[in-house]
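Residue numbers (numbering that gives the first Met the number 0), protein chains in the order written: chain Z, 0 to 362; chain Y, 0 to 419.
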Amino acid sequence: MVTNLGKQFVRLTKTLTLAFFRNRQAMFFVLILPLIFMFIFGFLYGGGGERVFTVAFYLDESAEEGGELWQEIINQREGLTYQLVEAREKGEELVRNLEADVLLVREGNSLEAFYHPARLEDNPELQQQVEAVAAEYDRERTGLLDIMAVEKAELEGADGSVSPLEFMFPGLIALGLASSGLFVFAEAFLDYRKKGVLKRMVASPMSKTVFILALMTSRFPPALFSSVVVLLMGYLFFGVTFSINWLAFLLYLVVGLVVMMGFGALITLIARTKESASQVASVFLITMLFFSGIYFPVEFLPVYFQRISVVLPLSYLARGLRFIMGLENLAGSLFILETLGLFAASLAVIILLVNISDWAKEV
Amino acid sequence: MKASLKIFKQNLRQYFRDRSNLFWSLMFPVILLIILVLIFGGQQDERITMQISLVSLEEEGESDSREDIFAWSEEVEEIFLSIQAEEDQQWLNLHLPQENEDREEFYEQEMKLLAEGERHVVLVIPGEFNEQVMNKIAYQYHETGEAPPAGRMTAYYRPENQLSTIAADITEGIISEISRRFNIFSGMTAQEELLEVSHQEIEAFAEPGERQTGFSMTDYLVAGIIVMTVFSSGMEILVAKISLRRDKGILRRYQATPVKISQFFSGLFLYIGVITVLQIAVVYGVSRIFFDFTVNIFQPSALAFIGYALLVFLALGFLVLSLVDNGQAARGLVQGLFYPLLFLGGAFFTVTGLPGFLQLIVRLNPVTYLINGLRDTLGIFSSPTPAYQNLLVPGIWLLLALVVTFMKFSWSAGRKNNGN
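Shown next, in the form of structure tokens:
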């Protein structure tokens, strides 16, 4: 009997895995979407090299010094490049058109900095750069004495300091896991039920448990493939490398998939048709992307929304992956507790769904 | 006409009957709007609180034992405390050791909290700091020997966390300001000699006029959401409807009926138009009621531009249907293009600093121009691309799509559709 069940499992897993790889829509979300986000956010984080901001500089006649001093000060700052403009309006236009990152107007005793109001992600850094440029000017012109100074030191993670670009990759892998796992029950299971596949299966000797296990297992190869491709592309295009404990990584992929499948099963308990479950799953996926702190710090959200990230499985998956990839310090006991808790809860939801669902119902 | 209306009503009835689908298709843009406005809506400064630890490793009372050394480390503490005590100040939450707490233990504990994400910066003042500062000041007056370094502090932060990076920059700025004020106070520099630095936003338009009402990030985002809604209804719905009917052979069977192709498509386009209006109305209503969106989207120029955008997306939908005759692949392609085109089009945030090949995609992306054009038309922000390009580039895509559609569109599905 065990041999028969084993054979059923192997055959079903193979069939379902091949069917998934043939599903171009699903493969896109699992494989291509994380890569697209990697390229977009990777280059936004300066992954293609050091990010250089263009400073449009307008020197009014009332300024005593020439542009050469400012050019020297600005070009000496890491991440800034100087561009002299003939008129203030020209500088404003460059900033408005995103051809320059900030406009500095030197007039009288003032230095006015103008920023594009929609560039919320860059303006804080630009402001600090402008302050530093002004301070350097004061030192040069007035002999301003720095009696004290701050040396900024990056906190080192398990494998050294972590760049924002490196920090992003566990989130990308988690995104691939979410895409693989979330739609298993929200789409595939309900699709099979709608088409009468489950109804016919119930009438056959095939075991329900074997089917569910095979369905879940069939998502592991694409999830693994997606993760490997993301890491490989990250290395090829951005030069990022990680020291990964591969056994722990593979085990965590399995756990992550089950967690997201559990979440998908939870959605299926609420939304009974394939179309509505799929839409709800899509909405939750996008919501999790924003609230789980993968791409934007949750600290920028109101406190009551920061608390949402606490209940999102993607937050924990991304954190667990960062821990395994050596990018975040986490107490081992906390990691195990979170992982086991999520895994157990997800399994419970999946078992509940399998038992209470009417497999013979064609919607 | 009757046939068109019947097809329109049939599609509309299907839409309203599927309540779950109806709810989510209307709510998804609203949910995304709420998320984006909360994240980027411009109120971050009011709610961000930075957890900064300050630990002086100088032994308690050590400065008191030497009368020639001023307790600069205590001065730094006092300044940070005074910032925290400022009325209406919420951004700084300062952590200092308790009175009899061991400094080294406090330092270890705070560094651990920094690693765990509970702190944004740990500012460490070493034991020799006060002496370093005094030596630096003394050198200014005596200038004997080599110039000593400034009193050095170390600000530990996490580079992968944006807020931690900002907190480190702000800490550096505060210390720099302390130096600056000392120079003024001690008479080494006059206030008038130092630069007055101000920070402000660029005006939304070069020529302020009736259109300019002051920049609002909410308005900026709502325009992007409207284009996203038109993209979704114009391209996704069209491709879904046509591809599903084509795969099932329904589309081909229409040709055997008295219903003309023009009637079929006019009914479908009317349906898509009504759904688009409905979705935009929901987004507009929510943003007006909850997010103070005051822009008038019902001005003729804006409505015309939105209508133009819908035409472009419908044409692009036909382009996809003509090039990809497998329904599942076509739907997958549209879904796959959805977020990348919107992100790279600047729908949710400005996209700058991209390398060559991504910049090329941005320049070729019709969404870029449609979003720029709508923001300019609504008086939200001046378009970074010239007005004629906002019509021309999407127009080229529209023409290209029509040409390809006439040449390649098939009423029958291609390869056998994989039902999975």
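Glycine included, every Cβ here is placed at the ideal spot set by N, Cα and C.
Identified DSSP bridge partners for residue i
i      : result
Y:N463 : Beyond the ends of chain Y as shown, which are 0 and 419, falls residue 463 of chain Y; an answer cannot be given.
Y:R151 : Z:A148
Z:S109 : Z:E106, Y:E195
Z:E153 : Y:Y156
Z:Y114 : Z:V101, Y:E200
Y:L122 : Y:L53, Y:A154
Cβ-based burial, residue i [other Cβ within 10 Å; buried from 16]
i      : result
Y:T217 : buried
Y:P148 : exposed
Y:S411 : exposed
Z:L352 : buried
Z:N22  : buried
Z:F188 : buried
Z:N3   : exposed
Z:E91  : buried
Y:M0   : exposed
Y:G326 : buried
Z:Q128 : buried
Y:G213 : exposed
Z:G255 : buried
Y:S215 : buried
Z:W245 : exposed
Z:F39  : Before going further, note that residue 39 of chain Z is Ile rather than Phe in the sequence given. With 16 or more Cβ atoms within 10 Å of its Cβ, Z:I39 is classed as buried.
Spatial neighbours of residue i in its chain, beta-carbon cut-off 8 Å, leaving aside the 5 residues before and after
i      : result
Z:V257 : G180, M215, F342, S345, L346, I349
Y:I296 : I225, I279, Y283, L302, I305, L377
Y:L309 : V229, S232, G233, I271, G272, T275
Z:A131 : R76
Z:E26  : Residue identity differs from the one stated: residue 26 of chain Z is Met in this sequence, not Glu. Correct list, in chain order: F19, F20, P221.
Y:N10  : K240, G266, L267, Y270
Y:V54  : L95, P96, R102, F105, Y106, E109, V121, L122, V123, I124
Z:M260 : G180, L181, V183, F184, M215, R218, S345, I349
Y:K407 : S321, L322
Contact set for residue i: own chain, Cβ-Cβ below 6 Å, skip 5 residues either direction
i      : result
Y:N364 : L340, L343, G344
Y:Q262 : A2, S3
Y:D63  : The pLDDT assigned to Y:D63 is 49, lower than 50, so where the model puts this residue is not dependable, and the model offers no usable value.
Z:G279 : Inspection of the sequence shows that residue 279 of chain Z is occupied by Val rather than by Gly. Result list for Z:V279: I266, A270, in chain order.
Y:Q190 : I183
Z:G5   : none
Y:F337 : none
Y:R157 : S163
Z:I414 : As shown, chain Z starts at 0 and ends at 362. That puts residue 414 of chain Z outside it, with no answer to give.
Z:S356 : none
Residues of its chain near residue i, where Cβ-Cβ distance is below 7 Å and the 5 sequence neighbours each way are ignored
i      : result
Y:T404 : F317, L318, S321
Y:L401 : A314
Y:L138 : In the sequence as presented, Leu is not what sits at residue 138 of chain Y; that position holds Tyr. Excluding sequence neighbours, Y:Y138 sits near A146, P147.
Z:P312 : V258, M259, F262, L341
Z:L316 : A173, L176, G255, V258
Z:A134 : none
**Study point:** Members of the region 140-152 of chain Z that neighbour chain Y once the beta carbon cut-off is set at 8 Å
**Key:** Taking 8 Å as the Cβ-Cβ cut-off against chain Y, the residues of the region 140-152 of chain Z that qualify are R140, T141, G142, L143, L144, D145, I146, M147, A148, V149, E150, K151, A152.
Review point. What are the start and end residues of each continuous beta strand (DSSP E) run of 3 or more residues lying completely inside the region 32-104 of chain Z, in chain order?
Key: Correct list: 52-58, 79-83.
Check your understanding: Listed in chain order, which residues of the region 337-351 of chain Y have Cβ atoms closer than 9 Å to some Cβ of chain Z?
Key -> Residues passing the 9 Å Cβ filter: Y338, P339, F342, L343, G345, F348, T349, V350, T351.
Check your understanding: Taking any Cβ of chain Z, which residues in the region 186-209 of chain Y have a Cβ under 9 Å from it, in chain order?
Key -> If you check each beta-carbon in the region 186-209 of chain Y against every beta-carbon of chain Z, the ones closer than 9 Å belong to M187, T188, A189, E191, E192, L193, L194, E195, V196, S197, H198, Q199, E200, I201, E202, A203, F204, A205.
Check your understanding: Which ranges does the alpha helix (DSSP H) cover as unbroken runs of at least 4 residues, wholly within the region 303-344 of chain Y, from first to last along the chain?
Key -> When DSSP assignments are scanned along the region 303-344 of chain Y, the uninterrupted stretches of alpha helix (DSSP H) that are 4 or more residues long and fall wholly within it turn out to be 326-343.
Point to revise | Interface positions of the region 131-163 of chain Y facing chain Z (Cβ-Cβ less than 7 Å), listed along the chain | key: Here the close residues are V132, K135, I136, Q139, A149, G150, R151, M152, T153, A154, Y155, Y156, R157, P158, E159, N160, Q161, L162.
**Study point:** Length-filtered (3 minimum) beta strand (DSSP E) runs lying within the region 255-279 of chain Z
**Key:** Within the region 255-279 of chain Z, no complete beta strand (DSSP E) run reaches 3 residues.
Review point. Which residues, taken in chain order from the region 367-383 of chain Y, show a beta carbon closer than 9 Å to some beta carbon of chain Z?
Key: Of all residues in the region 367-383 of chain Y, F380, S381, S382, P383 have a Cβ within less than 9 Å of some Cβ in chain Z.
Point to revise | Contacting positions in the region 13-33 of chain Y - beta carbon closer than 9 Å to chain Z | key: Hits within the stretch, in order: D17, R18, S19, N20, F22, W23, S24, M26, F27, I30, L31.
Exercise for review: Report the residues of the region 108-124 of chain Y with a CB closer than 7 Å to any CB of chain Z, ordered along the chain.
Suggested key: Interface annotation for the region 108-124 of chain Y against chain Z: L113, A114, E115, criterion Cβ-Cβ distance under 7 Å.
Check your understanding: Residues in the region 79-97 of chain Z with C-beta within 8 Å of chain Y's C-beta atoms, listed in sequence order?
Key -> Cβ contacts with chain Y: E88, E91, E92, V94, R95, N96, L97.
Exercise for review: Kindly provide the ranges of any alpha helix (DSSP H) runs that are 4 or more residues long and lie completely inside the region 312-340 of chain Z, ordered along the chain.
Suggested key: Whole alpha helix (DSSP H) segments, 4+ residues: 312-323.
Point to revise | Under 7 Å (Cβ pairs) to chain Y, residues found in the region 61-76 of chain Z | key: Taking 7 Å as the Cβ-Cβ cut-off against chain Y, none of the residues of the region 61-76 of chain Z qualify.
Practice item. Pull out every residue of the region 161-183 of chain Z whose Cβ sits closer than 9 Å to any Cβ of chain Y, in chain order. Key: Answer in chain order: V161, S162, P163, L164, E165, F166, M167.
Review point. In the region 340-403 of chain Y, which residue ranges form an unbroken alpha helix (DSSP H) of at least 4 residues, counting only runs that do not cross its ends?
Key: Complete alpha helix (DSSP H) runs here, min 4: 355-363, 365-376.
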